[in-house]
Structure formats: C-alpha cells, structure tokens
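*Asks:*
Residue numbers (the numbering used here): 64 to 534.
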C-alpha cells in the first residue's frame, strides 16, 4: 500500500476517475482504485445490491489466495471478486475497468493476474499513465528494480512530474545504488511539491548513507516538523546527529523514536491478537466500492453509485473518501442537506483527515455559512500546520466572502511560504489586488505565470494587473 501523505486532490474537485486517464494525477489517487459495482456481501450482513442473484459464480483467481480464511472474509473476497468480473462484463473496452480489476487482484497478492489486467489497460489506451505506474510497483515488489525503473519512466512520459511516481522512481533507483540519480529525482519533485514528506525522508536516507550528515539532519528535521508522529524521521535524526557527533541530541531523538516504536508494536500485537483480517479486508472493499462509484458516476448511473457509497460507509466508517464522493453526488443532485450531513459525519469519523475537513469547509462556504466554514478550515490547519492547503482554502474563503482581507493576505502568504506553487501565488495576487496592494498583486501573479506559463487564467490576470485594471 502506498504510504505517501501527499494531499490526493484539492477540496472541491469531483471524483478523480471522472477525469481523462492521461490527465489524471497518478499521485493524487489512492493506490486502491475501485471496482465498479456492488454485489450482495455474504458476510451475515444485509444484502446491498444483488447484481449477481441467480447467476453462477465465475471462476475467480483472487479466491485462491485466501485458502483457510475466516468464512466472512472468504465470502467478502469472493463477492468483491464477482464485482470485478461484472465490471469487465459490462465495460470490457474501457481501460479503467481493467485498472480496477488489476488493483483488486494486486490487493489480494495475485500479481500475475494484476499485471495482465494493467497490460490490457495499455492495449486499450496506451496513454493510461497509471497502468505503467502500477506495473512498475508490481515489478518492484518482486525485486525487479531495473524493470520497475523502466515502467516508472514510461508513466512519467504520459504524466510528467507526478509526485507518487517520482517518489517510487527515486526509491527504486536507491535500491539499485544509483544515489546521485535518485537525488536528482527527489530534488525535482520537491521543486514542484515542496511539502513532499517521502521526498524529505528519502533524501535524508541518501545523505546518511553518503555521510553528509548535516544535509541528512536538515531533511529529517523538516519531515519531523511536517509529521511529528512519524518514527522514520526520528530514526533518521538519531543517525544524522550521531554522525555529527551531537550525542545529546541523538539520544533525545532516540528516546522519542523508542516511544513511537513501542506504540506501533503495541498496535501490531493487538492486531495479531484479534486473529482476524476482517477490518483490513473491509477497509479494502470500502475503498474499492468508493472508487467503483466513480466509474458509475462517469456513466451517469447515480443510483448505483449512491448504493456503492452507502455500503462503503457501512463497511468502514473511518474511510474518509467515501463521504466526500457521496457529498459530491448529493450536491450535484441538489440534496444539499444530505451532502452537508455526509461531510459532517465524515469529519467526525475521521478527525485527523485533512481532506474531509477541507471539503467540509469549502462546501459550507459555498452555502454561505461562512462562520461554520471558517471553523472547519481552522481545524484543517490545526491538523496539518505544515501543509499549505488549509491556509489557502481559508484565504480563499475570506476573499470570496469579502471579509477579513488582512488575515486573508497573511494566510495566502503562509500558503506560498509552505508550498510555493503557481496556484498559491495566484491566490496571493488576487488577495493583494482585493486589498488594494497592486504592487504585491502584480509580483505574485507574475510569479504564478512564471511557474505555469500555459495557464490562460493566470496570463489574463497578469495582463490586467499590469495595466492597472481589476478582473
């Protein structure tokens, strides 16, 4: 499973699978992309959507990987596998159907079947960047590092600069001992995504191995600030400080590392005591059904999509994306109270998830509930004070509601400081322009254009601000 903590997509975007595959952000979608249907789950729970009633069960390779499993797990795996085959039956010429099938079999450790599916994706759509990436991940899992590098590079040909692919490419280059090349990839990724936690961690590791302990410490310290409970950063700081001869500081970080290690080991022991894979499988299927809903939304089958999402929530209430997609669907159907309720439930069930809090704040702002929106976005900032997304969203709220402009300017500037991206510079420019600071507005918008020269909106705004006109 992908461990990257990249923010998957901007709050307010629609389901990612509704975008064209060649434009879809590979690093902005979960590694678990969905099936595209829901069937009855034979786990002692109520039947949800009986697509396969009266049908004989197909021969499904995935079931072979769970021999001796608990009955409810085997049933859930089998029913989910039926969904995969049903998806192929209904949409055999769609590349994303085969991507879904491949992802399912990957999660059940059937790599051969998964790779076959992703290669079928590429037969149907040679520009399907995600399939190249996933085949690369499977190759890396098997220790075929050179092959994995080739697949990752092909993915980047179709999706240049995608952060998740860049991180995997760098890590695989490290496996091959190509540290200098890996460093270049990571530095390029950080130039585009300045808050990429995996990039800082991997760079820190490279510098430890090359005995550049000062650089290692700097990278691990940045990672620690971004994610204070990440044991990897503390372990890196232990080694970097030791290499610098900073014994006391190394010991201090070691103590914290040991505390976090004990916590992780305790959680692992509790998991083993349960002797059940049910929660993990339920989470997988919940995420699978969430992404499945996107495939049905692409076909305008909102009824099936809603059933999928409700079942996803039921299976795993702590899976945040299902609430966001459900709210997206309700909002577009004009069911605003239900949309708000879905986001509120999602934020309560996932108090530490940045995305759902951002989406809630944006939704409330769209409904004119500015005080409630501000509260939700403040909570998002508290969750991730070293990510720019919360600051940018709150600045945008103050801008659109035409209130607290001085605070909006500070928030937008903080977003730029944390993530010097074109969109954040553009936001800062708009806030400065609204506040009457034309010089600062021009400087910020010109920077946005420099970073993203093909963006017509930025270029038009730049022309206007240079002429001293407002949008």
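Yeah, the Cβ is synthetic: ideal placement off N, Cα and C, and Gly gets one too.
1. Comparing alpha-carbon positions, which option in 249, 489, 483 and 429 lies nearest residue 464?
2. Quick check on the burial criterion: 16 or more other C-beta atoms within 10 angstroms. Buried or exposed for residue 519?
3. Taking the C-alpha atoms as reference points, what is the distance between residue 521 and residue 448?
4. Consult DSSP for residue 207 and reduce its assignment to one of helix, strand or coil.
5. Going by beta carbon distance, what residues of the same chain come within less than 8 Å of residue 295, once the five residues before and after it are set aside?
6. What residue range does the alpha helix (DSSP H) around residue 363 cover?
7. For a test of the three-state rule: what should DSSP assign to residue 256, helix, strand or coil?
8. Report yes or no: do three or more beta-carbon pairs, one from the stretch 339-356 and one from the stretch 314-328, lie closer than 8 Å?
9. In whole angstroms, give me the CA-to-CA distance for residue 502 and residue 445.
10. Which residue from 297, 348 and 306 puts its Cα closest to that of residue 323?
11. Can the beta-carbon of residue 236 be found closer than 8 Å to that of residue 276?
12. Determine whether the beta carbon atoms of residue 303 and residue 283 lie at a separation below 8 Å.
13. So, at 7 Å on beta carbons, what are the nonlocal neighbours of residue 450 in its own chain, with the 5 sequence-adjacent residues on each side left out?
14. The alpha helix (DSSP H) that contains residue 379, what's its start and end?
15. Just how far apart, CA to CA, sit residue 158 and residue 386?
16. Starting from residue 521 and walking both ways along the alpha helix (DSSP H), at which residues does that stretch end?
17. Please classify residue 221 as buried or exposed, where buried requires at least 16 neighbouring CB atoms within 10 angstroms.
18. Look at residue 475 and residue 458 and say whether their C-beta atoms are less than 8 Å apart.
19. What's the C-alpha gap between residue 232 and residue 203?
20. Check this for me: beta carbons of residue 462 and residue 497, under 8 Å apart or not?
21. From residue 185 to residue 438, what does the alpha carbon distance come to, in whole angstroms?
22. Hey, quick one: how far does the alpha helix (DSSP H) through residue 166 stretch, first residue to last?
23. Suppose you measure from the CA of residue 359 to the CA of residue 278; what does that come to, to the nearest Å?
24. Rounded to whole angstroms, what is the Cα-Cα separation between residue 98 and residue 388?
25. Find the nearest neighbour of residue 345 within the set 378, 255, 329 and 245, judged by alpha-carbon distance.
26. Would you mind reading off the limits of the alpha helix (DSSP H) that contains residue 412?
27. Going by beta carbon distance, what residues of the same chain come within less than 6 Å of residue 174, once the five residues before and after it are set aside?
28. Please confirm whether residue 280 and residue 300 have their CB atoms less than 8 Å apart.
29. For the putative contact between residue 239 and residue 208, defined by C-beta atoms under 8 Å, what is the C-beta separation to the nearest angstrom?
30. Assign residue 362 to one of two classes, buried (16 or more other C-beta atoms within 10 Å of its C-beta) or exposed (fewer than that).
31. From 512, 270, 477 and 133, pick the residue whose C-alpha is nearest to that of residue 243; which is it?
32. For the alpha helix (DSSP H) containing residue 175, name the first residue and the last one.
33. May I have a chain-ordered list of the alpha helix (DSSP H) segments no shorter than 4 residues that lie completely inside the stretch 275-343?
34. Grab me the residues of residue 105's own chain with a C-beta within less than 7 Å of its C-beta, minus the 5 sequence neighbours each way, in chain order.
35. Is the beta carbon of residue 350 less than 8 Å from the beta carbon of residue 382?
36. Assuming residue 181 and residue 206 are in contact, meaning their beta carbons sit under 8 Å apart, how far apart are those beta carbons, in whole angstroms?
*Replies:* Reading from the atomic positions:
1. 429
2. exposed
3. For residue 521 and residue 448, the distance between alpha carbons rounds to 27 Å.
4. coil
5. 264 and 286
6. Looking at the DSSP string, residue 363 is not in any alpha helix (DSSP H), and its letter there is neither H nor E.
7. In this structure, residue 256 counts as coil in the three-state DSSP scheme.
8. Pairwise C-beta distances place the stretch 339-356 out of contact with the stretch 314-328, as fewer than three of them are shorter than 8 Å.
9. In a straight line, the C-alpha of residue 502 is about 31 Å away from that of residue 445.
10. Relative to residue 323, the option among 297, 348 and 306 whose CA is nearest is 297.
11. Contact: no.
12. yes
13. 70, 258, 417 and 481
14. Per DSSP, residue 379 belongs to no alpha helix (DSSP H) and is neither H nor E.
15. 26 Å
16. 519-529
17. With 16 or more other Cβ atoms within 10 Å, it is buried.
18. yes
19. 10 Å
20. yes
21. The straight-line gap from Cα to Cα measures roughly 45 Å.
22. 158-170
23. 48 Å
24. Caution is warranted here: a pLDDT of 21 is assigned to residue 98, below 50, making its placement in the model unreliable, and the coordinate value is therefore given only provisionally. Looking at the two C-alpha atoms, the distance is approximately 15 Å.
25. 378
26. 399-412
27. The answer, listed in chain order, is 201.
28. yes
29. 5 Å
30. exposed
31. 270
32. 174-187
33. As far as the stretch 275-343 is concerned, its whole alpha helix (DSSP H) runs of at least 4 residues are 276-289, 294-306 and 310-337.
34. Here residue 105 scores only 21 on pLDDT, less than 50, and its place in the model is too uncertain to base an answer on.
35. yes
36. That pair is no contact at about 18 Å.
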